[in-house]
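Following UniProt numbering, the numbering of the sequence shown begins with 1 at its first residue and continues without gaps. C-beta atoms are modelled at their ideal positions from N, C-alpha and C, and glycine is treated no differently. What you are looking at is a predicted structure, and each value in this text was computed from that prediction instead of being measured. Remarks on the structure that follows.
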Amino acid sequence: MASYDFSTDILFEILSRADLKTMKKCRVLSKECKDLTYESNFMRLHSQRTSTMVGYLVQSSRLFGQLTSDLVSGLDPKPTQDLLNFLPHPVWIVAAVNGGLVLCTPGKRRDDPFYICKPTTQQWEVVPSPNPRFWTAKISMLVLGSNPLWFKIVRLSDSRDDTIDLELDLNSEYSNEEDNFNVFSNEKSWHCEIFDSNSWEWRQSDDLKLTHNDYFECNQDVSACGGLHWLMFNDKQDKYTKYTMLSFDGDKEEWAMTSLPDSLRGNDHCDQIAPVSCEGKLGLIHLRQETKMLDVWILNYEKIWIKKHTINLKSLHEKVPLLHSRIHSFYGADTLFMVDVGSVSFYNFRTRKLNRIRVGGWINSAYFIQTDSEPVKLKPE
């Protein structure tokens with residue numbers, strides 16, 4: 001069979017006209033194909049040629065508690081407003097995935113329902129409520145299959161809230177002996193519930209065992225490589241071991257802790273450390289405030305952190321003070337997405353081009369979305 005050596009320009013033209021599913025499948029053909037499809041210029045042109053939605057679903061709070069859910073893409077100087085107005089009630093976004101599924105709820109009470117939806121097709125279904133006795137501390141979602149659609153929702157609840165329920169419910173399944181053990185030991189349990197779209201029901205998994213000194217950092221989880229990932233902080237550890245990465249394997253439904261790169265262990269408390277999705281892999285960014293240098297790390301298949309590159313952000317700092325803006329994630333391989341009060345920014349660190357977009361209000365969350373307009377079967381028959 002003859003082999004063909006396509007130039008980058010030809011690959012660009014072919015892949016930028018392919019539908020989203022085909023384009024993503026082509027990433028495994030070669031490193032050249034993979035790298036090309038993560039370039040921001042390619043992503044924008046592909047979106048225009050295939051009517052694919054790509055950007056960030058940003059939810060912000062305005063005066064009098066008004067919520068807005070807008071799409072910012074960098075393609076348009078103004079955001080696409082009220083992307084979720086097809087739902088029966090105003091909603092809080094609690095999770096979203098790259099493929100375009102959004103999990104939201106009309107309120108924050110224990111018995112409030114959840115909606116799972118796809119904004120591009122305006123499809124939605126009601127997700128059964130999890131155990132109403134637990135208060136949601138963290139809730140995340142990941143997609144494990146696309147044809148047929150298969151997703152899981154993971155909900156963590158602080159077991160310390162059980163004490164309140166024990167006082168109100170004398171017939172509780174939780175014993176006073178178990179509660180007293182948790183009070184006097186340093187172990188802290190997080191109730192873990194998992195919603196599986198195949199069965200369309202919640203089930204309680206084994207508790208996640210941490211310590212009372214372990215805290216979730218105030219950033220969103222990252223969905224990458226079939227798992228969910230959170231940055232953890234332990235205030236009792238020395239400066240070399242206080243940060244770790246907590247991961248949930250979506251297939252095995254197991255938890256694991258991963259140490260950070262050695263060079264990050266003694267970081268200054270003013271530096272920014274955050275997990276990110278980097279070209280489909282789990283990544284980690286470390287912004288050194290003193291030098292304005294951004295280190296980017298990738299976790300390989302052997303669970304070893306490999307430094308991908310270091311980015312000089314001094315020119316960006318002159319335009320947007322980095323102490324005031326938070327680096328949220330990578331929009332593309334060459335573009336950072338940042339969140340500020342009332343605005344978001346796209347910064348291409350190769351061209352040094354900054355695109356700032358006002359969204360108004362206090363930004364509660366921002367989720368990267370790249371999705372088509374093909375209908376999906378959210379709920380099995």
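Query, Result
"Could you tell me which residues DSSP pairs with A95 in its beta bridges?", "L103"
"Classify C218 as buried or exposed, calling it buried when 16 or more other Cβ atoms lie within 10 Å of its own Cβ.", "exposed"
"Mark L29 as exposed unless 16 or more other C-beta atoms lie within 10 angstroms of its C-beta, in which case mark it buried.", "exposed"
"Sorted by chain position, which residues of the same chain lie with C-beta nearer than 7 Å to K209's C-beta, five sequence neighbours on each side aside?", "E187, S189"
"Contact check, S197 vs F134 under 8 Å by CB: the rounded distance?", "Not quite, the Cβ-Cβ distance comes to about 21 Å (not below 8 Å), so this is no contact."
"Hey, S373 and T136: beta-carbon distance below 7 Å or not?", "no"
"Which runs of the beta strand (DSSP E), 3 residues or longer, sit entirely within the segment 56 to 93?", "67 to 72"
"Give me the Cα-Cα distance between Y301 and A224, rounded to the nearest whole angstrom.", "12 Å"
"Measure the C-alpha to C-alpha separation of D340 and Q59 and round it to an integer number of angstroms.", "13 Å"
"Which residues in the same chain as Q204 place their Cβ atom closer than 6 Å to its Cβ, once the five residues preceding and following it in sequence are excluded?", "E193"
"Determine which residues share a DSSP beta bridge with C278 and list them.", "K281"
"Whose CA, out of G74, L84, V54, lies closest to the CA of T68?", "L84"
"Per DSSP, what are the beta-bridge partners of F216 in this structure?", "M232"
"Under 8 Å: do the segment 258 to 265 and the segment 303 to 323 share three or more Cβ pairs, one atom per stretch?", "yes"
"Which of helix, strand or coil does DSSP assign to L323?", "coil"
"Give a yes or no on whether the C-beta atoms belonging to L75 and R49 are separated by under 7 Å.", "no"
"Which residue wins for smallest C-alpha separation from S73, given the options Q66, S325, L57, R62?", "L57"
"Can you grab the Cα-Cα spacing for the pair H89 / S199, in whole Å?", "26 Å"
"Have a look at L294 and T371 and give me their C-alpha separation to the nearest angstrom.", "29 Å"
"So within the segment 340 to 365, which uninterrupted beta strand (DSSP E) runs reach at least 3 residues, ignoring any that extend past its ends?", "343 to 348, 353 to 358"
"For T310, name the three-state secondary structure that DSSP assigns.", "strand"
"Any idea what DSSP makes of Q204, helix, strand or coil?", "strand"
"By Cβ distance below 6 Å, which residues in the same chain neighbour K314 in space, the five residues on each side in sequence not counted?", "K292"
"Mapping the DSSP letters down to three states, classify P375 as helix, strand or coil.", "coil"
"Would you mind working out which of K24, T8, V102, N41 sits nearest V376, comparing C-alpha positions?", "V102"
"Give a yes or no on whether the C-beta atoms belonging to D221 and S140 are separated by under 7 Å.", "yes"
"Which of the three DSSP states is assigned to E178 in this structure?", "Unreliable placement is indicated for E178, whose pLDDT of 47 sits below 50; no coordinate value is reported for it."
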